[in-house]
Amino acid sequence: MSAPPAKEGAGSREAFYTRLEEENLSPLWEVLHALVPERPQTRCRPALWSYERARPFIEESGRLITAEEAVRRVLILENPGMKGEHRITTTLYAGWQLILPGEIAPAHRHTQSALRFIVEGEGAYTAVDGERTIMHEGDFVITPSWTWHDHGNESDRPVVWLDGLDIPIVKAFEATFAENYPDSTHPLTRPQGDALARFGSGLLPVDYESSGPASPVFNYPYARTREALETMRRQEEWDPCHGLKLRYVNPVNGASAMPTIGTFMQLLPKGFQGLPYRSTDATVFSVVEGGGRAEIGGTVFRYSPRDVFVVPSWMPYRLMADEESVLFSFSDRPIQQMLGLWREMRGNE
Ligand code: GTQ
Numbered sequence: 005m006s007a008p009p010a011k012e013g014a015g016s017r018e019a020f021y022t023r024l025e026e027e028n029l030s031p032l033w034e035v036l037h038a039l040v041p042e043r044p045q046t047r048c049r050p051a052l053w054s055y056e057r058a059r060p061f062i063e064e065s066g067r068l069i070t071a072e073e074a075v076r077r078v079l080i081l082e083n084p085g086m087k088g089e090h091r092i093t094t095t096l097y098a099g100w101q102l103i104l105p106g107e108i109a110p111a112h113r114h115t116q117s118a119l120r121f122i123v124e125g126e127g128a129y130t131a132v133d134g135e136r137t138i139m140h141e142g143d144f145v146i147t148p149s150w151t152w153h154d155h156g157n158e159s160d161r162p163v164v165w166l167d168g169l170d171i172p173i174v175k176a177f178e179a180t181f182a183e184n185y186p187d188s189t190h191p192l193t194r195p196q197g198d199a200l201a202r203f204g205s206g207l208l209p210v211d212y213e214s215s216g217p218a219s220p221v222f223n224y225p226y227a228r229t230r231e232a233l234e235t236m237r238r239q240e241e242w243d244p245c246h247g248l249k250l251r252y253v254n255p256v257n258g259a260s261a262m263p264t265i266g267t268f269m270q271l272l273p274k275g276f277q278g279l280p281y282r283s284t285d286a287t288v289f290s291v292v293e294g295g296g297r298a299e300i301g302g303t304v305f306r307y308s309p310r311d312v313f314v315v316p317s318w319m320p321y322r323l324m325a326d327e328e329s330v331l332f333s334f335s336d337r338p339i340q341q342m343l344g345l346w347r348e349m350r351g352n353e
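In my numbering, the protein residues as written are 5 to 353.
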């Protein structure tokens, strides 16, 4: 095409855009830089939620509404850069769920995958598709997509865990389905510990064929995870960014426990001064043991047990352990890796 006549300046462009709008069309050149930026642009902000500060509010929620009425009595951790959007990162949801002695959070299922990371108390259970597991602090429990699950607390103390769900991901696909079970609990069909014995002991039933992408193990007990870290540390092979970091796997294929959410546990020795690290998976940390600091994009956050902090995509961060620390974390890494999108950068590259 030939060059446009000189009189067609910015003014007539605006008129053109207005006419385009009526046709449900718009000019790419006005937004190309925003649609295809050179590096990740995120509204997700680094933040820390102090458990000590949140604990009275969690307790208050327990006086305000029952688990039965609430269905799930949860305080959502809202990323300060995306308030009201019920997400802690662009792709993930997180919340602290409280269940009081004697309460039941009724059975339901949904296409969203969920993880529970137990932060306070023990003796509550989650039942997944007919098997119950009793949860202890530091246990990592999954309820894969479309599995029936109910929670109950048969102990004499409140139990709180961190929920992590892929709600924003499933929303982006508009692939949400959910239903309630007719009774508050789903019938139990297998004894406690069955899944761990069958699938989580370095063995698999000889003719086992998995029925989906999620791990058949649904509780990864902290006692086992902690013991693995404790034994490995004797080798003193600390990664300069992560200390000693393990990822939870589906024992059937070595993939993440759930297809949309990757989960990790790491040990930092006392005095650890991590090198800067960044990756494209915004990551949510839940502190299990110890104390220290996380410097995220130039802001220093002090962490203590049960605190949650979030690192946005591609933002450099460093971990500094004033006390020996154990950190649980989760992110959307498995999906990014599956799609060939995931990147990381270590040190001061
Ligand atoms: O326990 O099933 O925090 O469905 C949000 C949605 C927990 C759950 C949440 C849920 C659940």
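By construction, the Cβ of each residue, glycine as well, lies at the ideal position given by its N, Cα and C atoms.
Bear in mind that the values here come from a model prediction, so they are computed numbers and not experimental data.
Problem - GLU110 and ASP154 closer than 7 angstroms at C-beta - result: A quick correction: the sequence has Pro, not Glu, at residue 110. Taking 7 angstroms as the cut-off, the Cβ atoms of PRO110 and ASP154 count as close.
Exercise for the section: Return the CA-CA distance between TYR21 and PRO31, expressed in angstroms with no decimal places. Expected result: Between the alpha carbons of TYR21 and PRO31 lies a distance of about 7 angstroms.
Practice task
Would you kindly work out how many angstroms separate the C-alpha atoms of ASP326 and GLN270, rounded to a whole number?
Solution key: Taking the Cα positions, ASP326 is about 15 angstroms away from GLN270.
Practice task
Return yes when the C-beta of GLY99 is under 6 angstroms from any heavy atom of ligand 1, and no when it is not.
Solution key: Ligand 1 approaches GLY99 closely enough that one of its heavy atoms is under 6 angstroms from the residue's Cβ.
Practice task
Taking only heavy atoms of ligand 1 into account, decide whether any of them is closer than 6 angstroms to the Cβ of VAL78.
Solution key: For ligand 1, at least one heavy atom lies less than 6 angstroms from the Cβ of VAL78.
Practice task
Name the residue from LEU200, ASP243 and THR93 whose alpha carbon lies nearest to the alpha carbon of PRO220.
Solution key: PRO220 has its Cα closest to that of LEU200, out of LEU200, ASP243 and THR93.
Practice task
Just list the beta strand (DSSP E) runs in the region 31-96, keeping only unbroken ones of 3 residues or longer that don't cross its boundaries, in chain order.
Solution key: Listed in chain order, the beta strand (DSSP E) elements of length 3 or more contained wholly in the region 31-96 are 51-53 and 78-80.
Problem - Spatial distance of GLU82 from GLY106 (CA atoms) - result: Their backbone Cα atoms lie some 29 angstroms apart in a straight line.
Practice task
With distances taken Cα to Cα, identify the nearest neighbour of ASP311 among SER54, ASP160 and ALA19.
Solution key: With distances taken between CA atoms, ASP311 lies nearest to SER54 out of SER54, ASP160 and ALA19.
Handout entry: Local Cβ density within 10 Å of VAL304, reported as buried at 16 or more and exposed below that
Key = By the neighbour-count rule (16 or more Cβ atoms within 10 Å), VAL304 is not buried but exposed.
Practice task
Find out if the Cβ-Cβ distance for the pair LEU169, SER290 is shorter than 7 angstroms.
Solution key: No, the Cβ-Cβ distance between LEU169 and SER290 is not below 7 angstroms.
Exercise for the section: Rounded to whole angstroms, what's the CA-CA distance from ARG120 to VAL145? Just pull it up for me. Expected result: Near 5 angstroms, if we compare the C-alpha coordinates of VAL145 and ARG120.
Exercise for the section: With a threshold of 16 other CB atoms inside 10 Å of the CB of PRO60, please say whether the residue is buried or exposed. Expected result: It counts as exposed.
Exercise for the section: Measure the alpha-carbon distance for PRO209 versus ASN257 and round it to whole angstroms. Expected result: Straight-line Cα distance between these residues: approximately 14 angstroms.
Handout entry: Through-space distance from LEU29 to GLN101, alpha-carbon basis
Key = Cα to Cα, GLN101 sits roughly 45 angstroms from LEU29.
Handout entry: VAL123 versus GLY15, VAL292, SER214 and TYR185, residue with shortest Cα-Cα distance
Key = Distance check between VAL123 and each of GLY15, VAL292, SER214 and TYR185 places VAL292 closest, using alpha-carbon atoms only.
Exercise for the section: With a threshold of 6 angstroms, establish whether the CB of ASP167 neighbours any heavy atom of ligand 1. Expected result: Yes, since a heavy atom of ligand 1 falls inside the 6 angstroms radius drawn around the Cβ of ASP167.
Exercise for the section: Pull up the distance between the alpha-carbon of VAL75 and that of ILE103, whole angstroms please. Expected result: Going by the C-alpha atoms only, they are around 11 angstroms apart.
Practice task
Rounded to whole angstroms, what's the CA-CA distance from TRP150 to ASP133? Just pull it up for me.
Solution key: Computed Cα separation, rounded: 9 angstroms.
Practice task
Look at ALA128 and MET139 and say whether their C-beta atoms are less than 7 angstroms apart.
Solution key: A contact, by the Cβ cut-off of 7 angstroms.
Practice task
Consult DSSP for MET5 and reduce its assignment to one of helix, strand or coil.
Solution key: Note that MET5 scores a pLDDT of 49, beneath 50, so its modelled location is shaky; the value from the coordinates is reported in the next line. Here MET5 sits in coil by DSSP.
Practice task
Could you pull out every residue in the same chain whose Cβ sits closer than 6 angstroms to the Cβ of VAL288, ignoring the five residues on either side in sequence?
Solution key: Within the same chain, and ignoring the five residues on either side of VAL288 in sequence, the residues whose Cβ sits closer than 6 angstroms to its Cβ are ILE92, ALA98, VAL314 and PHE334.
Exercise for the section: Assign LYS274 to one of three DSSP states: helix, strand, or coil. Expected result: Three-state DSSP puts LYS274 in coil, outside helix and strand.
Practice task
Use the C-beta contact count for SER16: other C-beta atoms within 10 angstroms, 16 or more gives buried, fewer gives exposed.
Solution key: In the assembly as shown, SER16 is an exposed residue. Its beta-carbon has fewer than 16 other beta-carbons within 10 Å.
Practice task
Please name the residue or residues paired with GLY258 in a DSSP beta bridge.
Solution key: Looking at the DSSP assignment, GLY258 forms no beta bridge with any residue, so it has no partner.
Handout entry: Sequence-distant residues of its chain with Cβ nearer than 8 angstroms to ARG113 (five each side left out)
Key = Taking ARG113 as the centre and dropping the five residues before and after it, the same chain places the C-beta of TRP150, THR151, TRP152, HIS153, ALA182, GLU183 and TYR185 closer than 8 angstroms to its C-beta, in chain order.
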